[in-house]
Amino acid sequence: MSFVTSGLMIKMCFGSSRDGCRWNRRTRMNISETIHEGGDITIVTIEGRLDANTSSVLESRFVELTEQGRRKFVFELQGLEYVSSAGLRSLLLAAKKTKTLQGKLALAGMNENVREVFDMSGFSAIFSIYGTEAEALAAVQGA
């Protein structure tokens with residue numbers, strides 16, 4: 040499924056595998072979700088730029104997922120190239136919503152530049168951050 044919002048093409052990919060989700064160079068952000076084998080953890084892959092132009096897409100999609108009863112999340116950020124203060128706000132809103140719902144949210148696979156933004160802003164102390172998706176899954180699964 041894909042749709043246009045604010046003049047940006049955002050590709051939304053659904054299903055049990057990432058094979059069906061391909062990066063489109065014309066997009067500024069790509070969000071895809073997969074359900075982990077156990078069925079209770081949603082892996083949200085965010086690629087590209089998370090900024091004022093794209094953060095609302097993440098926020099609305101996250102609300103949809105929680106309304107579907109999802110409570111455990113891993114945000115895979117390996118392909119995230121840039122995060123602005125608006126993007127940080129979206130991630131913080133997701134963390135607050137997850138906590139309110141007594142769920143669990145972990146971040147995984149940050150590149151060096153994104154990690155530096157988290158460290159400088161103090162967000163590293165707020166989030167559970169893991170080097171790999173597997174580590175984040177294990178942490179969320181144990182919650």
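Residue numbers for the sequence shown follow the working numbering, beginning at 40 and rising by one.
C-beta: ideal position from N, C-alpha, C; glycine also.
Using the C-alpha atoms, what's the distance from S95 back to Y169?
-> Residue numbering aside, residue 169 sits at position 130 when the sequence shown is read from its first letter. Residue numbering aside, residue 95 sits at position 56 when the sequence shown is read from its first letter. About 25 Å.
Considering A175, what are the terminal residues of the alpha helix (DSSP H) in which it resides?
-> Taking the first residue of the sequence shown as 1, we reach residue 175 at position 136. Looking at the DSSP string, the run of the alpha helix (DSSP H) that includes A175 is E172 to Q180.
From L176 to A125, what distance separates their C-alpha atoms?
-> By 1-based counting over the sequence shown, the position of residue 176 is 137. By 1-based counting over the sequence shown, the position of residue 125 is 86. Cα to Cα, L176 sits roughly 26 Å from A125.
Check T66 in the structure and name its three-state DSSP category.
-> Residue mapping note: residue 66 aligns to position 27 of the sequence shown, counting from 1. For T66, the predicted model reports a pLDDT of 47, less than 50, meaning its position is unreliable; a value from the coordinates is still stated below. Of the three classes helix, strand and coil, the one that applies to T66 here is coil, per DSSP.
Look at T84 and K111 and say whether their C-beta atoms are less than 9 Å apart.
-> Stepping through the sequence shown from its first residue, residue 84 is reached at position 45. Stepping through the sequence shown from its first residue, residue 111 is reached at position 72. In this structure, K111 does not lie closer than 9 Å to T84 by Cβ.
Should L146 and S160 be called a contact, given that it needs their Cβ atoms to be closer than 9 Å?
-> The count along the sequence shown starts at 1 and reaches residue 146 at position 107. The count along the sequence shown starts at 1 and reaches residue 160 at position 121. Taking 9 Å as the Cβ cut-off, L146 and S160 do not qualify as a contacting pair.
Can you tell me whether DSSP reads T93 as helix, strand or coil?
-> Counting from one through the sequence shown, the residue named residue 93 turns up at place 54. Coil.
Please report the residue range of the alpha helix (DSSP H) in which A134 lies.
-> On the sequence shown, residue 134 is found 95 positions in, with the first residue counted as 1. A134 -> alpha helix (DSSP H) spans S124 to T139.
Would the stretch 133-146 and the stretch 114-123 be scored as touching if the rule is three or more Cβ pairs under 8 Å?
-> yes
When the Cα of I70 is compared with those of E174, S163, G118 and G78, which residue comes out closest?
-> Your numbering for residue 70 matches position 31 in the sequence shown. Minimum Cα distance to I70 is reached at G118.
Three-way DSSP call (helix, strand, coil) for R61 in this model | On the sequence shown, residue 61 is found 22 positions in, with the first residue counted as 1. For R61, the predicted model reports a pLDDT of 45, less than 50, meaning its position is unreliable and no value from the coordinates is stated.
What separation, rounded to the nearest whole angstrom, lies between the Cα atoms of H191 and V179?
-> The structure shown does not extend to residue 191, since the chain is modelled only from 40 through 182, so no value can be given for it.
Out of L97, L131, E172 and Q107, state which residue places its alpha-carbon closest to the alpha-carbon of G148.
-> Here residue 148 corresponds to residue number 109 of the sequence shown, with the count starting at 1. Ranking L97, L131, E172 and Q107 by Cα distance to G148 puts E172 first.
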